[in-house]
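A short worksheet on the structure shown next.
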Amino acid sequence: MRIDKYLAAAGASDIEEVRPFLWQFKLQGDIHPAGRATTTRDGLARIWHRGAQSGLQLSDTWSSSDPVGVAENRKVPSYIARLSNLREGEKIEKAARLVQRFTAPDAEVEAAAVSLLESYGWTARGRSAGVLYMNDGNGSTPACRLAVSNGIASVWSFRGDVDLPAPWRPGNTTRTGEKTMYVTVRDLALENVVAAPARVERPPQERPAVDPGLVSLVHDACRLGSAVPADHRHLTKSGARLVGEDLRVAPPGSPLAGDVVVPLFRPSDDRKSLEISGGQRLCSKTTMGTDKMLITGSKLAESMVPVPWSPMLGSGQMSLDRWAESLDKSRPLVLCEGVATALAVHESGAGNPIACVSSGNLPAVAKYLAESGLAAQFPAVVVAADYDIAVRDGKAVSKGIPKALEAADLLAARVALPPPGSPVGTDARDLYAAGPDAVRAYIESARSPAEIQQRPDVARFFSSQIHQKQGVER
């Protein structure tokens, strides 16, 4: 049997012979083809998967072979079989992993984890559905979450910038696309520790799918919702007067009724078009210290909000090329953090903005814009950074400026930063309170990443962190 026919019948997809006798393919849950198969002239086949650390589940036709090196210090199992022995309909799956763990009562684990986080300056702000809402000092809202299950405490942030010292370790990605960090009962040195039953750990999907029900919810809210009142808090903050012509208030009967809904978009699997990846709720009042939040189930990783977004939703063709057709391309492409910042850039005529929702998401979106070729359609690209210049205890209160510089490097773009001496956190929406000219001047002031880092206030920002680290090391 030909190996490509065998793979197709076994449930693989995107099967391609990349060079003579070497095939690549995708298994369920793969974003990119990570499976490999080789054949020899004498009819021997070999198969492995770059992401299957625990190997593959195959029929008895296959025998274990030597591991294959796929990265420095990392190998994966491989398997061999005679092509003449393969049978159509045999399945190929990534193997599950048996994990032995230790656990303790969740209440004790949470108390110890909270105590550890409080030593870093975190504060608890409330609880919902068993998840603790916390503020890590980066801004005024409780954008961080702490959840405990089976003796493991996990934290993540909707700003995408969780960076904690040992004993915290990088964890899995949440269903909404945020990277997590975690500690175990042993890391926390708890005494009431017992062995937990071993459990089977299935390989996670590399990219979580979006719930079709969520897509319909967001699309219907944008299609059937009403215009936002001119005095809505998200249009009038900081003394600015935004219009938000694409914003819609979710209609009565919707689970989001009364909230402004902003659709999020991410690259689809083919990387050529976009798909709705969730939405952001702009609330009329604060809840647990925040007036904006992602709709449950939204996937933040690589998500963006092109402004205006109605040309895509209205046409049914969701792609950045379709969005770009409606724009004045004599203006620069502007990458920014928040939706309100993007609205200020758009309504002032300063540029064509794409919001990334959080600073931690800036590099991922920038990478996609560079790879897709969209950035090349504009005369200039600017990353509009917030004036997040504060340092506390030798650590940046926000990673907005470093992330903006990283995004600019990926796009070969310039960086716009509010003038020295601006209030900490100043963004384009704050500048818009002084009129559209202030926002246009802000975007026009953009400089190369190297020039921005040489600015005295920015140099002090980075220098204060370096000196603190050196002091700790001594």
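To convert, count from 1 in the sequence shown and add 808; that's this note's numbering.
Glycine included, each C-beta is placed from N, C-alpha and C at the ideal position.
Boundaries (first-last residue) of the alpha helix (DSSP H) holding SER867 = Working through the sequence shown from its first residue, we reach residue 867 at position 59. First-last for SER867: undefined, no H or E at that position.
Which residues mark the beginning and the end of the alpha helix (DSSP H) in which TYR1176 is found?
-> In the sequence shown, counting from the first residue as 1, residue 1176 sits at position 368. Counting along the chain, the alpha helix (DSSP H) containing TYR1176 begins and ends at 1170 to 1180.
In the DSSP assignment, find the unbroken alpha helix (DSSP H) run with GLU918 in it and report its ends.
-> Against the sequence shown, residue 918 aligns to sequence position 110. Unbroken alpha helix (DSSP H) run through GLU918: 914 to 926.
Runs of beta strand (DSSP E) wholly within the stretch 1058 to 1094 (minimum 3 residues, chain order) = 1068 to 1075
Using the rule of at least 16 other Cβ atoms within 10 Å of the residue's Cβ for burial, across every protein chain shown, is PRO950 buried or exposed?
-> Working through the sequence shown from its first residue, we reach residue 950 at position 142. So PRO950 ends up on the buried side.
Can you tell me which of THR1095, SER1111, GLU1053, SER1106 puts its alpha carbon nearest to the alpha carbon of SER1081?
-> Taking the first residue of the sequence shown as 1, we reach residue 1081 at position 273. The shortest Cα separation from SER1081 among THR1095, SER1111, GLU1053, SER1106 belongs to SER1111.
For the putative contact between GLN832 and GLY843, defined by C-beta atoms under 8 Å, what is the C-beta separation to the nearest angstrom?
-> Counting from 1 along the sequence shown, the entry for residue 832 is found at position 24. Counting from 1 along the sequence shown, the entry for residue 843 is found at position 35. Rounded, the Cβ-Cβ distance is 6 Å, consistent with contact.
With 16 other Cβ atoms within 10 Å as the buried cut-off, status of VAL1008 | Position 200 of the sequence shown holds residue 1008. Low confidence applies to VAL1008: its pLDDT is 49, below 50, so where it sits in the model is not reliable, and the reading given next is rough at best. It counts as exposed.
Integer-rounded CB distance, given that GLU1083 should sit under 8 Å from VAL1074 = Residue 1074 sits at position 266 when you count from the first residue of the sequence shown. Residue 1083 sits at position 275 when you count from the first residue of the sequence shown. In the sequence under discussion, the amino acid at residue 1074 is Arg, which differs from the Val named in the question. That pair is a contact at about 6 Å.
Where does GLN832 fall in DSSP's three states?
-> One-based indexing of the sequence shown puts residue 832 at position 24. Of the three classes helix, strand and coil, the one that applies to GLN832 here is strand, per DSSP.
Can you give, in chain order, each stretch of the beta strand (DSSP E) that sits fully within the stretch 1101 to 1132 and has at least 3 residues?
-> none
Pick helix, strand or coil for ASN1160, following the three-state DSSP scheme.
-> One-based indexing of the sequence shown puts residue 1160 at position 352. ASN1160: strand per DSSP, three-state reduction.
Could you check if MET1096 is buried or exposed, using at least 16 other CB atoms within 10 Å of its CB as the buried criterion?
-> Numbered from 1 along the sequence shown, position 288 holds the residue referred to as residue 1096. By the neighbour-count rule (16 or more Cβ atoms within 10 Å), MET1096 is not buried but exposed.
Where does LEU946 land, buried or exposed, given buried means 16+ other C-beta within 10 angstroms?
-> Sequence index remark: in the sequence shown, residue 946 carries index 138 (1-based). One point to set straight first is that residue 946 is Asn, not Leu, in the sequence displayed. Buried is the call here.
If TYR887 and ILE855 are in contact, beta carbons under 8 Å, what's the gap, nearest whole angstrom?
-> Here the question's residue 887 lines up with position 79 in the sequence shown. Here the question's residue 855 lines up with position 47 in the sequence shown. Going by Cβ atoms, the distance from TYR887 to ILE855 rounds to 5 Å, so yes, they are a contact pair.
Which residue from LEU1108, ALA1258, VAL1205, ASP1235 puts its Cα closest to that of ALA1172?
-> As a working note, residue 1172 is residue 364 in the sequence shown. Ranking the options by Cα distance to ALA1172, first place goes to LEU1108.
So what does DSSP say about GLU1281, is it helix, strand or coil?
-> To locate residue 1281, count along the sequence shown from 1; it is residue 473. Here the model assigns GLU1281 a pLDDT of 30, short of 50, so the residue's position is not dependable, and the following value carries that caveat. Correct three-state label for GLU1281: helix.
Every unbroken alpha helix (DSSP H) within the stretch 1190 to 1218, with a cutoff of 4 residues, ordered by chain | none
Going by alpha carbons, who is nearest to GLY1159 out of THR982, ARG1248, ILE960, LEU815?
-> Locating residue 1159 in the sequence shown gives position 351, counting from the first residue. If we check each option's Cα against that of GLY1159, ARG1248 comes out closest.
When you compare only the Cα positions, how much space is there between ASN893 and PRO1020?
-> The residue labelled residue 893 in the question sits at position 85 within the sequence shown. The residue labelled residue 1020 in the question sits at position 212 within the sequence shown. One alpha carbon belongs to ASN893, the other to PRO1020, and they sit about 41 Å apart.
State buried or exposed for SER1024, treating a residue as buried only when at least 16 other CB atoms are found within 10 Å of its CB.
-> Position 216 of the sequence shown, counted from the first residue, corresponds to residue 1024. With fewer than 16 Cβ atoms within 10 Å of its Cβ, SER1024 is classed as exposed.
Beta bridge counterpart(s) of LEU1143 as assigned by DSSP | By 1-based counting over the sequence shown, the position of residue 1143 is 335. DSSP, once it has assigned bridges, lists ILE1162, VAL1191 as partnering LEU1143.
Just checking my contact of PRO1161 with VAL1115 at CB under 8 Å: how many whole Å lie between their CB atoms?
-> For this step, residue 1161 is matched to residue 353 along the sequence shown. For this step, residue 1115 is matched to residue 307 along the sequence shown. The Cβ separation is near 5 Å, so the contact holds.
Give me the Cβ distance between VAL939 and ALA955, rounded to the nearest whole Å; I'm assuming they're in contact under 8 Å.
-> Counting from one through the sequence shown, the residue named residue 939 turns up at place 131. Counting from one through the sequence shown, the residue named residue 955 turns up at place 147. Yes, they are in contact, since the Cβ atoms of VAL939 and ALA955 sit about 5 Å apart, within 8 Å.
Can you tell which of SER1180, VAL963, LEU1218 has its C-alpha closest to the C-alpha of THR981?
-> Walking along the sequence shown from the start, residue 981 turns up at place 173. The shortest Cα separation from THR981 among SER1180, VAL963, LEU1218 belongs to VAL963.
Do ALA1220 and ALA1193 have their C-beta atoms within less than 9 Å of each other?
-> Counted from its first residue, the sequence shown places residue 1220 at position 412. Counted from its first residue, the sequence shown places residue 1193 at position 385. Their beta carbons are not under 9 Å apart, which means ALA1220 does not touch ALA1193 by this criterion.
Please confirm if the stretch 1048 to 1056 is in contact with the stretch 1143 to 1159, defined as three or more CB-CB distances below 8 Å between the two stretches.
-> The count of Cβ pairs closer than 8 Å, one atom from the stretch 1048 to 1056 and one from the stretch 1143 to 1159, reaches three, so the stretches are in contact.
To the nearest angstrom, how far is it from the Cα of ARG767 to the Cα of ALA932?
-> Given that the chain is displayed from residue 809 to residue 1282, the structure contains no residue 767 and the question cannot be resolved.
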